[in-house]
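*Asks:*
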Amino acid sequence: MQLSAEATAVPTDELPGRSLWSDAWRVLRRNKAAVASAIVIGSMSVLVILGPLFSPYAYDFTDWSNLSIAPSLETGHVFGTDTLGRDLFVRTLYGGRISLMVGVVATIVSLVIGISYGATAGYFGGRLDHIMMRIVDILYALPFMFLVILLMVFFGRNIVLIFVAIGAINWLDMARIVRGQTLSLKNKEFVEAAEAQGVTAFAILRRHVVPNLLGVVAVYVTL
Numbered sequence: 553m554q555l556s557a558e559a560t561a562v563p564t565d566e567l568p569g570r571s572l573w574s575d576a577w578r579v580l581r582r583n584k585a586a587v588a589s590a591i592v593i594g595s596m597s598v599l600v601i602l603g604p605l606f607s608p609y610a611y612d613f614t615d616w617s618n619l620s621i622a623p624s625l626e627t628g629h630v631f632g633t634d635t636l637g638r639d640l641f642v643r644t645l646y647g648g649r650i651s652l653m654v655g656v657v658a659t660i661v662s663l664v665i666g667i668s669y670g671a672t673a674g675y676f677g678g679r680l681d682h683i684m685m686r687i688v689d690i691l692y693a694l695p696f697m698f699l700v701i702l703l704m705v706f707f708g709r710n711i712v713l714i715f716v717a718i719g720a721i722n723w724l725d726m727a728r729i730v731r732g733q734t735l736s737l738k739n740k741e742f743v744e745a746a747e748a749q750g751v752t753a754f755a756i757l758r759r760h761v762v763p764n765l766l767g768v769v770a771v772y773v774t775l
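So the sequence shown is numbered by our numbering: it starts at 553 and just counts up by one.
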């Protein structure tokens with residue numbers, strides 16, 4: 553008995569692919585603890601950024617009639633005041649801005665330098681890798697506070713440049729971690745296939761190596 557063409561037809565519909573970012577977002581949504589933490593951090597970030605805009609007090613305003621008072625809603629000082637009559641709630645929000653800026657700016661600078669440096673050293677290997685890692689070892693030997701003070705001398709009291717300088721120092725650990733992962737990734741089949749097709753080294757780093765380092769990078773960023 554001859555089967556009909558409809559019965560033997562092979563479905564040609566292909567399943568839609570998922571990008572690396574969509575997979576990461578799907579995993580994040582399933583992790584309730586991570587979602588709750590993101591909501592808390594996001595709420596605190598919005599509060600410290602926008603909160604001072606709606607406060608009746610400036611961070612340096614002195615309320616001479618309310619010196620060193622306890623937290624009170626009647627006086628409008630929900631966190632109280634210090635010995636100079638300055639509102640502690642507003643000053644806490646401004647301090648939160650500084651802390652947030654330190655974390656975000658310094659981390660971004662550290663990630664950009666560390667990933668670029670470590671991936672380049674690990675992928676090309678050989679003498680270049682040896683020289684680049686010896687430079688990292690030399691920088692490790694220098695005291696951290698000495699470098700910070702030295703950078704402050706050059707940059708002055710510009711707070712943004714100081715944060716950038718701190719991030720430019722903290723990239724050493726990231727460079728070593730990324731280099732180690734790159735050494736294991738560069739011998740994988742998908743990297744060798746890209747090399748066989750004539751893809752340039754920097755294109756391989758950008759499209760194949762660095763995206764596969766995001767898991768390790770994400771863990772390091774949270775530390």
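The beta-carbon is built from N, C-alpha and C at its ideal position, and this holds for glycine as well.
Nothing here was measured: the structure is a model prediction, and the numbers come from that model.
Which same chain residues, not among the five before or five after F742, have their C-beta less than 8 Å away from its C-beta?
*Replies:* Closer than 8 Å at the Cβ level, and outside the excluded window around F742, lie H760.
*Asks:* Given that a residue counts as buried once 16 or more other Cβ atoms are within 10 Å of its Cβ, and exposed if not, what is A586?
*Replies:* Label assigned to A586: exposed.
*Asks:* Exposed or buried, H778, counting other C-beta atoms within 10 Å across all chains shown (16 or more means buried)?
*Replies:* An answer regarding residue 778 cannot be provided, because it is not within the stretch 553 to 775 covered by the chain.
*Asks:* Over the uninterrupted alpha helix (DSSP H) stretch that includes R709, give me the two end residues.
*Replies:* Taken as a continuous stretch (DSSP letters only), R709 belongs to no alpha helix (DSSP H), as it is neither H nor E.
*Asks:* For the alpha helix (DSSP H) containing V762, name the first residue and the last one.
*Replies:* Element bounds for V762: n/a, residue is neither H nor E.
*Asks:* Do you know how far the Cα of D634 is from the Cα of L645?
*Replies:* Straight-line Cα distance between these residues: approximately 15 Å.
*Asks:* Assuming I721 contacts V700 (C-beta within less than 8 Å), just tell me the rounded distance between them.
*Replies:* Confirmed, about 7 Å.
*Asks:* Can you grab the Cα-Cα spacing for the pair V768 / V705, in whole Å?
*Replies:* Approximately 34 Å between the Cα atoms of the pair.
*Asks:* Counting beta carbon pairs with one atom in the region 617-627 and one in the region 660-673, are three or more of them shorter than 8 Å?
*Replies:* The region 660-673, when compared against the region 617-627, does not touch it at the 8 Å Cβ threshold.
*Asks:* Taking the straight line between their C-alpha atoms, what separation do you get for M596 and N764?
*Replies:* Those two C-alpha atoms are separated by around 31 Å.
*Asks:* Just the C-alpha distance for L602 and S651, rounded to the nearest angstrom, thanks.
*Replies:* The straight-line gap from Cα to Cα measures roughly 15 Å.
*Asks:* Am I right that Y772 and M726 are in contact with their C-beta atoms under 8 Å? What's the rounded C-beta distance?
*Replies:* Rounded, the Cβ-Cβ distance is 6 Å, consistent with contact.
*Asks:* Sort out for me which residues DSSP pairs S624 with in a bridge.
*Replies:* DSSP output for S624 lists H629 as bridge partner(s).
*Asks:* Looking at the unbroken alpha helix (DSSP H) that takes in S662, where does it start and where does it end?
*Replies:* From DSSP, the alpha helix (DSSP H) with S662 extends over L640 to F676.
*Asks:* My assumption, with CB atoms under 8 Å, is that R638 sits in contact with F606. Please give the rounded CB distance.
*Replies:* Not confirmed; about 18 Å, so no contact.
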